[in-house]
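Chemist:
There are 2 protein chains.
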Amino acid sequence: MHTNPIDRRDFLRTSAKAAAVLAVPGSLMNLTAARPETRLGVALLGLGNYATNQLAPALGYTEHCRLAGIVTGTPSKIAEWKQKYDLPDKNIYSYDNFDSIADNPDIDIVYVVTPNALHLPFAERAARAGKHVICEKPMEISSDRCKMMIEACAKAGKKLQIGYRLRYDPFHQEIERLGREQVHGKVKMVNTGFSFYGVNNSNWRFTDPKLSGGGPMMDIGIYCLQGIRYATGEEPVAVTAQSFKTIMDKLPGMEETIFWQMEFPSGATAVCSTSYVARDNYLRVSTENGVYGVDPAYTYGPLAGYINNQSMGEYNHRQQTAQMDAFALSIKNNTPVKTPGEEGLRDMLCIEAIYKAARKKKRISLL
Amino acid sequence: MHTNPIDRRDFLRTSAKAAAVLAVPGSLMNLTAARPETRLGVALLGLGNYATNQLAPALGYTEHCRLAGIVTGTPSKIAEWKQKYDLPDKNIYSYDNFDSIADNPDIDIVYVVTPNALHLPFAERAARAGKHVICEKPMEISSDRCKMMIEACAKAGKKLQIGYRLRYDPFHQEIERLGREQVHGKVKMVNTGFSFYGVNNSNWRFTDPKLSGGGPMMDIGIYCLQGIRYATGEEPVAVTAQSFKTIMDKLPGMEETIFWQMEFPSGATAVCSTSYVARDNYLRVSTENGVYGVDPAYTYGPLAGYINNQSMGEYNHRQQTAQMDAFALSIKNNTPVKTPGEEGLRDMLCIEAIYKAARKKKRISLL
Chain E
44 MHTNPIDRRD FLRTSAKAAA VLAVPGSLMN LTAARPETRL GVALLGLGNY
94 ATNQLAPALG YTEHCRLAGI VTGTPSKIAE WKQKYDLPDK NIYSYDNFDS
144 IADNPDIDIV YVVTPNALHL PFAERAARAG KHVICEKPME ISSDRCKMMI
194 EACAKAGKKL QIGYRLRYDP FHQEIERLGR EQVHGKVKMV NTGFSFYGVN
244 NSNWRFTDPK LSGGGPMMDI GIYCLQGIRY ATGEEPVAVT AQSFKTIMDK
294 LPGMEETIFW QMEFPSGATA VCSTSYVARD NYLRVSTENG VYGVDPAYTY
344 GPLAGYINNQ SMGEYNHRQQ TAQMDAFALS IKNNTPVKTP GEEGLRDMLC
394 IEAIYKAARK KKRISLL
Chain G
44 MHTNPIDRRD FLRTSAKAAA VLAVPGSLMN LTAARPETRL GVALLGLGNY
94 ATNQLAPALG YTEHCRLAGI VTGTPSKIAE WKQKYDLPDK NIYSYDNFDS
144 IADNPDIDIV YVVTPNALHL PFAERAARAG KHVICEKPME ISSDRCKMMI
194 EACAKAGKKL QIGYRLRYDP FHQEIERLGR EQVHGKVKMV NTGFSFYGVN
244 NSNWRFTDPK LSGGGPMMDI GIYCLQGIRY ATGEEPVAVT AQSFKTIMDK
294 LPGMEETIFW QMEFPSGATA VCSTSYVARD NYLRVSTENG VYGVDPAYTY
344 GPLAGYINNQ SMGEYNHRQQ TAQMDAFALS IKNNTPVKTP GEEGLRDMLC
394 IEAIYKAARK KKRISLL
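Sequence lines, in order, name chains E and G.
Residues in the first sequence are numbered consecutively from 44, following our numbering.
Residues in the second sequence are numbered consecutively from 44, following our numbering.
Set out below in structure tokens:
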């Protein structure tokens, strides 16, 4: 069932064309210049760690889209990107001249990878410029701003995908299927957590709540929230939550650790934790007849799945490659996006309820 | 580090004495009759499933104690026990004549395995009869009753052990050590759950809150509570909790599912779940430098331990054998009991706070 990335890499290595790609860094774009370009052009907007170390490399493996341009507020980054990915000058934008991307037929999709609170203005500008939009998670810092993004893309007639990479990972798709088809009976409880230990004061995530909108809940807990929602296949009816802080001089205006609990219409429940001072990385689904999950669950890989203490295997899947290809295909075929803006909005409504539950120390209904 | 029960069994199989034991059911007691009996005599009080299928077999492997008698309210059970374990008539008691056990030098220890709310009266009678007491978990149905049991044993000058079998399991002892010695840095978070799916209406646990004192929290969640306490090596300062019920015509007067969260003086936190309508069985400890745990964690075995996604192995350990032998040794050597009444009382105080937190829907301080 699962695609084995090792096999795919081995296959590529035995291909002369691929060998040339591997031997000559930066030649990937040139290779395809001779044949008509059918892949959609992606411009990455915001060249931080995720764009640099995950998305750009992932675009070296996509079949339906390719890295065609960049948009950056840091001119010093341009030279390296140009050289590494053989990008023409005309496809390189600053935040100032970004709106002129409207006139560039090379760019079909803008992938917004800025700090969270900048997602909306850039997504709006991209949509107004006639480009489809991928917006990294969390979608924005409030549900109101998520709604505005959805409206902007709808008004422009452009598709919007939220960068929920794990929805395109085979283990997580299997978790979704097992629940939907009740393969092991009804889902009764989900236990999940995603945490890491270490606050880095040089990163906006940990220092600027106006940009981040919150702490680990926004940043990594959102994967658990997604996991619970696709594991149960239901929307929650209520949440409770508890927030904790032990390091008082760090993480200004945001939580350090938050626990939350969810109730679903079927009676299923969920127990969740996320923290910047712990280590969690698991998704565990308890059903009438068994237990299955992914552990490690939420990192880039290798991930490992299990059913009733039997391994489902362990592998690296090109999550972002699959995610961007799926979006490109839904544009090409005009089919629904698997993780549209509405999905980001639903999570943001949950997160707001979780924060409210923690703040008010009471159960918050989502009905 | 870990005792391998397979090796021990293999060793026993190659011993002529053991071979005779295996070949002739019920001969275990006779074998030792010829040499001076140094093992302490245990009387099991309450011959339900746990005594029948776990404790009595476990006493076939103990080195420092042995099954010497029974106390039962069900005369029809006597014949089978007598035959199977070769018990003399003089060591068989009813609940009516139980107090005369005071005059029986064969019996050193009474192991109380009745429904929870009967632990206190039987433990008191056993202590008054001059016997050391093992009391199955949960210790009783309230902290007041736990205190009374501690007082009764202290007054009689008799030792009291609570039947926390997992404290005598090598994986769980390793969890305790790793935290105590901060082998992977300070403990930051514990995630744990113990649940099973299926309510059996023919058992007092599910039907009689006056006997059980509660639902899964009392019955199985208590293992998580223990796990958290030895994983952190700390006593909690506060708890929050949420109780859920989906099947309204079952589990009268008790919870069906309960989640609870704990805060510790160091800033460590814990996330816990227990339920009769789900499947959980894991203990996961997150520290500054790593993650380790046991999964499956709380059943009789095989259990499996891990450190940073590397297996610590998987095996069956004779938990109850180790537990009863440890108690017998602490009597013989007059050394402290590893899981004394005070340990059961501490858990009961936590459970009461958890129930209160769920009922009042607010954080309950334990300071």
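Where is the CB? At the ideal position from N, CA and C, for every residue including glycine.
Tell me which residues share the same chain as glycine 296 of chain E and place their Cβ nearer than 6 angstroms to its Cβ, disregarding the 5 neighbours each side in the sequence.
Modeler: Pro252
Chemist: Quick check: what's the CA-CA separation for tyrosine 266 of chain G versus phenylalanine 237 of chain G?
Modeler: 8 angstroms
Chemist: Could you tell me whether the region 329-338 of chain G touches the region 210-220 of chain G, using the rule of 3 or more Cβ pairs below 8 angstroms?
Modeler: Yes: the two stretches touch, three or more of their Cβ pairs being nearer than 8 angstroms.
Chemist: Hey, quick one: how far does the beta strand (DSSP E) through leucine 88 of chain E stretch, first residue to last?
Modeler: 83-88
Chemist: Using 7 angstroms as the limit for Cβ to Cβ distance, is tyrosine 128 of chain E near chain G?
Modeler: no
Chemist: Hey, quick one: how far does the alpha helix (DSSP H) through histidine 227 of chain E stretch, first residue to last?
Modeler: Here histidine 227 of chain E belongs to no alpha helix (DSSP H), and DSSP marks it neither H nor E.
Chemist: Are any of the Cβ atoms in chain E nearer than 7 angstroms to that of tyrosine 398 of chain G?
Modeler: The beta carbon of tyrosine 398 of chain G does not come within 7 angstroms of any beta carbon belonging to chain E, so the residue lies off that interface.
Chemist: Considering only DSSP beta bridges, list what aspartate 323 of chain E is partnered with.
Modeler: E:Ser238
Chemist: If I follow the unbroken beta strand (DSSP E) through alanine 170 of chain G, where does it start and stop?
Modeler: First-last for alanine 170 of chain G: 162-171, but that is the alpha helix (DSSP H), not the beta strand (DSSP E).
Chemist: Looking at chain E, which residues of the region 275-292 of chain G have a Cβ within less than 8 angstroms of any of its Cβ atoms?
Modeler: Thr283, Gln285, Phe287 and Thr289
Chemist: Between the C-alpha atoms of aspartate 146 of chain G and tyrosine 341 of chain G, what's the straight-line distance to the nearest angstrom?
Modeler: 38 angstroms
Chemist: Nearest chain E C-beta to alanine 321 of chain G closer than 7 angstroms, yes or no?
Modeler: With 7 angstroms as the cut-off, alanine 321 of chain G counts as an interface residue toward chain E.
Chemist: Buried or exposed: which applies to leucine 410 of chain E, given that a residue is buried once 16 or more other Cβ atoms fall within 10 Å of its Cβ?
Modeler: exposed
Chemist: Helix, strand or coil, according to DSSP, for leucine 294 of chain G in the structure here?
Modeler: Here leucine 294 of chain G sits in coil by DSSP.
Chemist: With DSSP as the reference, label histidine 360 of chain E as helix, strand or coil.
Modeler: DSSP places histidine 360 of chain E in coil when its eight states are reduced to three.
Chemist: Using the C-alpha atoms, what's the distance from alanine 396 of chain G back to alanine 313 of chain E?
Modeler: 22 angstroms
Chemist: Going straight from the alpha carbon of phenylalanine 141 of chain G to that of glycine 173 of chain G, what length do you get?
Modeler: Rounded to the nearest angstrom, the two C-alpha atoms are 12 angstroms apart.
Chemist: Thinking C-beta only, is alanine 400 of chain G closer than 7 angstroms to isoleucine 394 of chain G?
Modeler: no
Chemist: Among the residues of its own chain, which have a CB less than 6 angstroms from the CB of arginine 327 of chain G, if the five just before and after it don't count?
Modeler: Asn234 and Gly336
Chemist: Determine whether the beta carbon atoms of lysine 120 of chain G and leucine 88 of chain G lie at a separation below 7 angstroms.
Modeler: Cβ atoms of lysine 120 of chain G and leucine 88 of chain G: not closer than 7 angstroms.
Chemist: Please classify arginine 109 of chain G: does DSSP put it in a helix, a strand, or coil?
Modeler: strand
Chemist: Taking 7 angstroms as the CB-CB limit, is tyrosine 240 of chain E close to chain G?
Modeler: yes
Chemist: Use the C-beta contact count for glutamate 224 of chain G: other C-beta atoms within 10 angstroms, 16 or more gives buried, fewer gives exposed.
Modeler: Exposed is the call here.
Chemist: Per DSSP, which one or two residues make a beta bridge with glutamine 285 of chain E?
Modeler: E:Phe302
Chemist: Can you confirm whether serine 316 of chain E, when its beta carbon is compared against all beta carbons of chain G, has any partner nearer than 7 angstroms?
Modeler: Answer yes: the Cβ-Cβ gap between serine 316 of chain E and chain G drops below 7 angstroms somewhere.
Chemist: From this set, G:Trp247, G:Asn351, G:Ala99 and G:Asn92, which residue's C-alpha is nearest histidine 227 of chain G's C-alpha?
Modeler: G:Asn351
Chemist: Leaving aside the five residues before and after alanine 170 of chain E along the sequence, list all residues of the same chain whose C-beta is less than 7 angstroms from its C-beta, in chain order.
Modeler: Val176, Ala195, Cys196, Ala199 and Lys201
Chemist: With distances taken from CA atoms, which of E:Val114, E:Ile263, E:Leu388 and E:Glu386 is nearest threonine 95 of chain E?
Modeler: E:Val114
Chemist: Any idea if serine 245 of chain G is buried or exposed, counting beta-carbon neighbours within 10 angstroms, 16 or more meaning buried?
Modeler: exposed
Chemist: Using a Cβ-Cβ cutoff of less than 6 angstroms, which residues in the same chain neighbour serine 318 of chain G once the five nearest sequence positions on both sides are dropped?
Modeler: Ser238, Pro259 and Thr300
Chemist: Out of curiosity, what's the CA-to-CA distance linking arginine 188 of chain E and leucine 388 of chain G?
Modeler: So the two alpha carbons sit approximately 51 angstroms from each other.
Chemist: So with CB distances below 9 angstroms, who are the chain G contacts of lysine 404 of chain E?
Modeler: For lysine 404 of chain E, the neighbours in chain G by C-beta distance under 9 angstroms run, in chain order, Thr283, Lys404, Lys405 and Arg406.
Chemist: With DSSP as the reference, please indicate the residues paired to tyrosine 349 of chain E in a beta bridge.
Modeler: Within the DSSP secondary-structure output, tyrosine 349 of chain E pairs in a beta bridge with E:Gly336 and E:Ser354.
Chemist: Would you say alanine 371 of chain G and leucine 98 of chain G are within 7 angstroms of each other, going by their C-beta atoms?
Modeler: The Cβ-Cβ distance between alanine 371 of chain G and leucine 98 of chain G does not fall below 7 angstroms.
Chemist: Could you have a look at isoleucine 152 of chain G and say whether DSSP puts it in helix, strand or coil?
Modeler: strand
Chemist: Quick check on DSSP: helix, strand or coil for alanine 311 of chain G?
Modeler: coil
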